[in-house]
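Chemist: Here it is: the structure, laid out below.
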Amino acid sequence: MKIVILTGAGVSAESGLGTFRGKGGVWTKYDLTEVATPEGFARDPEKVHDFYNARRRNAAGARPNAAHYALARLQEKHAGEVVIVTQNVDALHEAAGARTIHMHGRLDRAICASCGETWPAPDMMFATDPCPKCTAKTTRPDIVWFGEIPKAMSQIAHHLETADLFAAIGTSGQVYPAAGFVTEAARSGAHTVELNLEPSDVSGLFAERMEGPATESVPAWVARLL
Ligand code: APR
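The sequence shown finishes on residue 242 if you use the working numbering, and the numbering steps up by one all the way, no holes.
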């Protein structure tokens with residue numbers, strides 16, 4: 017049985033990293049058009065770097081929680097393939113020992129907007145940082161912004177087409193294309209399950225739902241599968 021899992025900010029919430037929407041969410045404090053779009057970066061790159069430098073610092077101090085560890089265990093012990101696609105830009109799945117597809121990029125990587133070279137992000141990035149390969153001063157966080165195409169989409173489409181079980185964990189279902197993955201997986205015949213603190217925008221599309229904090233629901237769900 018092939019399992020495909022989509023994770024969102026709710027998986028890292030109990031590690032102390034905030035979610036985006038809802039009470040106290042990142043997008044209630046920052047204007048996303050200023051700090052998470054290519055246009056915002058073109059207007060004020062230093063402001064965008066400041067935003068991601070702060071997020072990188074937070075993420076570096078965070079530790080994986082029981083949900084990250086349970087998913088890593090599932091990937092290690094399950095007899096079939098377990099693909100984890102994450103919208104999260106932190107590296108907590110990896111810190112717990114899992115392999116993931118980072119469809120929205122990673123805070124700990126930098127990319128040159130001119131030549132596409134990527135490299136490990138330093139703790140602090142600045143608009144004047146030159147690319148180590150082509151020397152252009154167009155260094156940006158390797159993050160997929162609003163209006164940009166997420167990474168690895170054809171690889172993800174293949175996984176959704178061949179999934180027997182699809183789970184979405186800790187994601188509000190407000191951002192596409194990820195919010196549409198449940199429909200693609202169901203069309204391919206996969207059983208679908210949502211694990212979230214509360215109903216998401218797309219809850220009605222799932223065959224099964226588990227409500228509760230990820231640190232409780234995910235270990236319970238993984239125990240059931242193994
Ligand atoms: N356990 C499980 N779910 C939780 C928990 C928790 N402890 N805490 C919060 N949640 C749920 C919320 O109820 C919400 O449905 O996680 C979801 C988080 O939603 P968002 O903040 O919208 O985060 P996400 O869905 O990952 O956002 C998608 O939007 O801003 C962009 O690129 C960014 O990757 C991000 C994308």
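The beta carbon of each residue, even a glycine, is placed where N, CA and C say it ideally should be. Keep in mind it's a predicted model, so treat the numbers as computed, not measured.
I need the DSSP call for P136, collapsed to helix, strand or coil.
Modeler: Note: P136 maps to strand in three-state DSSP.
Chemist: Verify the contact flag: R37, CB atom, against every heavy atom of ligand 1, threshold strictly below 6 angstroms.
Modeler: Yes, the beta carbon of R37 sits closer than 6 angstroms to at least one heavy atom of ligand 1.
Chemist: So, helix, strand or coil for T299, using DSSP?
Modeler: Nothing about residue 299 can be reported from this structure: the residues present for the chain run from 17 to 242 only.
Chemist: Nearest-angstrom Cα distance between P10 and L123?
Modeler: Residue 10 is absent from the model: the chain starts at 17 and stops at 242.
Chemist: Can V209 and A183 be called in contact, C-beta distance under 7 angstroms?
Modeler: Cβ atoms of V209 and A183: closer than 7 angstroms.
Chemist: Within 7 angstroms (strictly less), CB to CB, does Y192 reach chain D?
Modeler: Absent from the structure is chain D; it holds one protein chain and no more.
Chemist: For the 8 angstroms Cβ check, are there 3 or more pairs between the stretch 139-151 and the stretch 174-191?
Modeler: Contact fails: fewer than three Cβ-Cβ distances are below 8 angstroms.
Chemist: Give a yes or no on whether the C-beta atoms belonging to V99 and V20 are separated by under 7 angstroms.
Modeler: For V99 and V20, yes; Cβs fall inside 7 angstroms.
Chemist: For the beta strand (DSSP E) that contains N212, what are its first and last residues?
Modeler: Here the beta strand (DSSP E) through N212 covers 207-212.
Chemist: Kindly provide the ranges of any beta strand (DSSP E) runs that are 3 or more residues long and lie completely inside the stretch 154-223, ordered along the chain.
Modeler: Those beta strand (DSSP E) runs which fall completely within the stretch 154-223 and span 3+ residues are 155-159, 181-185, 207-212.
Chemist: Out of L90, G163, R115, M17, which one is the CA nearest neighbour of E5?
Modeler: Because residue 5 is not part of the residues shown, which for the chain are 17 to 242, the question remains open.
Chemist: What's the gap between the Cα of S219 and the Cα of L242?
Modeler: For S219 and L242, the distance between alpha carbons rounds to 25 angstroms.
Chemist: Just grab the DSSP bridge partners of G121 for me.
Modeler: Per DSSP, I159.
Chemist: Would a C-beta distance cut-off of 7 angstroms place A78 and S130 closer than the cut-off?
Modeler: Result no, Cβ atoms of A78 and S130 do not sit closer than 7 angstroms.
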